[in-house]
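Notes to accompany the following structure.
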Amino acid sequence: MAAGDNRGHGGNSGYDDQFDAHYSWDSNVPNHKKLNVGDPIALWDKDRLLGASVIEQIEISQGTKLLYRCPNCKTTRISERKRADPRYRCMRCRHEFSTPQADLVEVDLYRARYDAAWTPLDGLLEGQEIRSLAVHPGDINAMRPFDWAAFRQALLVKGAEPAINRVNLRADLLWPSERTVIEMPSGFTQALVRIRRGQGLFRERLLATQGSVCAFTGRAPARVLEAGHLYSYAQIGTHFEHGGLMLRRDIHRLFDDGMLAVNPQRARIDVAPELSIYTQYARLHGEPLNLTLRDEQVEWLGKHWEEHRTESPSRA
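Take the sequence shown: its position 23, counting from 1, is numbered 23 in UniProt numbering, and each next residue is one higher.
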């Protein structure tokens with residue numbers, strides 16, 4: 001998915017994107033119906049890779065879109081040039097013109113949210129490397145099918161295995177394949193949401209027993225807290241009663257990546273050296289958790305420690 005100023009929307013009024021959280025498009029865009037909840041995605045600015053994630057929600061509404069057309073052949077396949085005069089050129093009939101023809105049309109509007117799994121990979125792959133991974137060579141659409149296996153291999157070569165594995169685990173094959181249609185207020189017609197079996201109840205139980213507290217950082221609004229598994233749910237597929245901690249979203253992500261861990265013998269937080277340059281995380285090193293651990297939690301944290309700290313000893 002192309003994002004930013006180079007997205008190539010010379011034929012319309014643009015999109016309200018925040019590339020690390022949500023992405024918008026409409027029913028005039030090629031492949032507009034081919035994105036689904038649970039799909040892994042990669043975003044780039046046509047020069048370099050920005051990051052990867054997994055679609056967790058797609059909102060759909062009806063609205064209008066201002067399109068700009070070629071005055072000659074009426075297509076929206078026009079490009080805006082920064083230096084040349086006339087300013088616009090039609091990519092279909094090659095007509096050059098100074099002012100496009102404006103056309104307000106009714107469209108279906110789409111917005112995909114994927115911030116929970118967003119993984120920055122800024123500049124890890126250059127534009128030409130990304131183009132070579134398209135399923136269809138020469139595809140110029142803003143949203144295009146991607147060879148995910150080849151993408152994963154390209155990132156592994158760059159040493160980004162933990163990041164890509166986390167994205168793959170978010171695209172959990174154990175999620176139910178059916179989609180739930182929910183009526184949305186404020187003009188939204190529906191949201192397509194795929195939910196892990198029992199995830200909501202798992203979170204409710206953790207909130208009830210642990211309170212509105214991030215185990216690493218302390219009290220926090222419930223809306224910013226997630227139910228973090230102390231094991232890979234994607235691999236096990238079971239919610240264990242004492243197999244999780246309430247974690248702030250950024251803490252959850254860093255814990256999953258092994259950047260944050262808990263020494264099971266000392267019950268103290270261990271911060272990976274790569275995070276030590278960030279004061280808000282560095283100050284957590286050596287601190288106790290904000291709850292008393294149960295034996296089952298200590299056992300799971302021990303397995304997490306073995307996975308992420310056996311070959312990379314913690315700091316003293």
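Heads up, the beta-carbon is just placed ideally off N, CA and C, and yes, glycines get one too.
Q) Hey, does A163 have any beta-carbon neighbour from chain D nearer than 8 Å? A) The structure shown contains no chain D; it holds only a single protein chain.
Q: Compute the Euclidean distance between the alpha carbons of F188 and L225, then round it to the nearest angstrom.
A: Position 188 of the sequence shown holds residue 188. Position 225 of the sequence shown holds residue 225. With a pLDDT of only 42 at F188, under the threshold of 50, the placement of this residue in the model should not be trusted; the figure read from the coordinates follows. So the alpha carbons of these two residues sit roughly 26 Å apart.
Q: Decide if H136 is buried, meaning its Cβ has at least 16 other Cβ atoms within 10 Å, or exposed.
A: By 1-based counting over the sequence shown, the position of residue 136 is 136. Exposed.
Q. Under three-state DSSP, which class holds D270?
A. Position 270 of the sequence shown, counting from 1, holds the residue named residue 270. In the structure shown, D270 sits in a strand (DSSP, three-state: E or B).
Q: State the DSSP-derived secondary structure class of L35, mapped to helix, strand or coil.
A: Mapped onto the sequence shown, residue 35 falls at position 35. DSSP places L35 in coil when its eight states are reduced to three.
Q) Which class does V107 belong to by DSSP, given the choice of helix, strand or coil? A) Walking along the sequence shown from the start, residue 107 turns up at place 107. It is a strand residue.
Q. Are the segment 279-288 and the segment 200-210 touching by the rule of at least three beta carbon pairs closer than 8 Å?
A. no
(Q) Can you check which of these residues, S132, I140, E106, D45, is closest to W148 by C-alpha distance? (A) Walking along the sequence shown from the start, residue 148 turns up at place 148. Residue S132 is the option with its Cα nearest to W148.
Q) Would the beta-carbon of A163 fall within 8 Å of that of L121? A) Taking the first residue of the sequence shown as position 1, residue 163 is located at position 163. Taking the first residue of the sequence shown as position 1, residue 121 is located at position 121. Taking 8 Å as the Cβ cut-off, A163 and L121 qualify as a contacting pair.
Q) Within 10 angstroms of its Cβ, does R113 collect 16 or more other Cβ (buried), or is it exposed? A) If you number the sequence shown from 1, residue 113 lands on position 113. Label assigned to R113: buried.
Q: Enumerate in chain order the residues of its own chain whose CB-to-CB distance from G4 is below 7 Å, with the five nearest sequence positions on each side excluded.
A: On the sequence shown, position 4 is the one that residue 4 refers to. Within the same chain, G4 has close Cβ partners F19, D45.
Q: Measure the beta-carbon distance from S53 to A117 and round it to whole angstroms, keeping in mind my assumption that it falls under 8 Å.
A: As a first step, residue 53 must be located in the sequence shown, where it is residue number 53. As a first step, residue 117 must be located in the sequence shown, where it is residue number 117. Correct: roughly 5 Å between the Cβ atoms.
Q.
Under DSSP, the beta strand (DSSP E) around Y23 begins and ends at which residues?
A. For the purposes of this step, residue 23 is identified with residue 23 of the sequence shown, where counting begins at 1. Y23 -> beta strand (DSSP E) spans 22-26.
Q | Three-state secondary structure (DSSP) of A234 | A | Counting from one through the sequence shown, the residue named residue 234 turns up at place 234. Confidence at A234 is low in this model, with a pLDDT of 40, below 50, so the placement of that residue should be treated as unreliable; the coordinate-derived value is given next. A234: helix per DSSP, three-state reduction.
**Q.** Burial state of Y278 (16 or more Cβ within 10 Å)
**A.** Taking the sequence shown and counting its residues from 1, the one referred to as residue 278 is at position 278. With fewer than 16 other Cβ atoms within 10 Å, it is exposed.
**Q.** The beta strand (DSSP E) enclosing G127, as first and last residue numbers
**A.** Locating residue 127 in the sequence shown gives position 127, counting from the first residue. First-last for G127: 127-131, but that is the alpha helix (DSSP H), not the beta strand (DSSP E).
Q: Within the same chain, show all residues whose beta-carbon is closer than 7 Å to that of R166, passing over the 5 residues directly before and after it, in chain order.
A: Indexing the sequence shown from 1 puts residue 166 at position 166. Within the same chain, R166 has close Cβ partners T119, D256, D257.
(Q) Please tell me whether, using a cut-off of 7 Å, the distance from the CB of A84 to the nearest non-hydrogen atom of the ligand MN is below it. (A) This structure does not include the ligand MN; it has no bound ligands of any sort.
Q) With distances taken from CA atoms, which of K74, D115, L49, C90 is nearest L124? A) Numbered from 1 along the sequence shown, position 124 holds the residue referred to as residue 124. That would be L49, whose Cα lies nearest to the Cα of L124.
**Q.** Boundaries (first-last residue) of the beta strand (DSSP E) holding G244
**A.** Numbered from 1 along the sequence shown, position 244 holds the residue referred to as residue 244. Residues 244-248.
Q) Per DSSP, what kind of secondary structure is F19 in: helix, strand or coil? A) Taking the first residue of the sequence shown as position 1, residue 19 is located at position 19. Coil, per DSSP.
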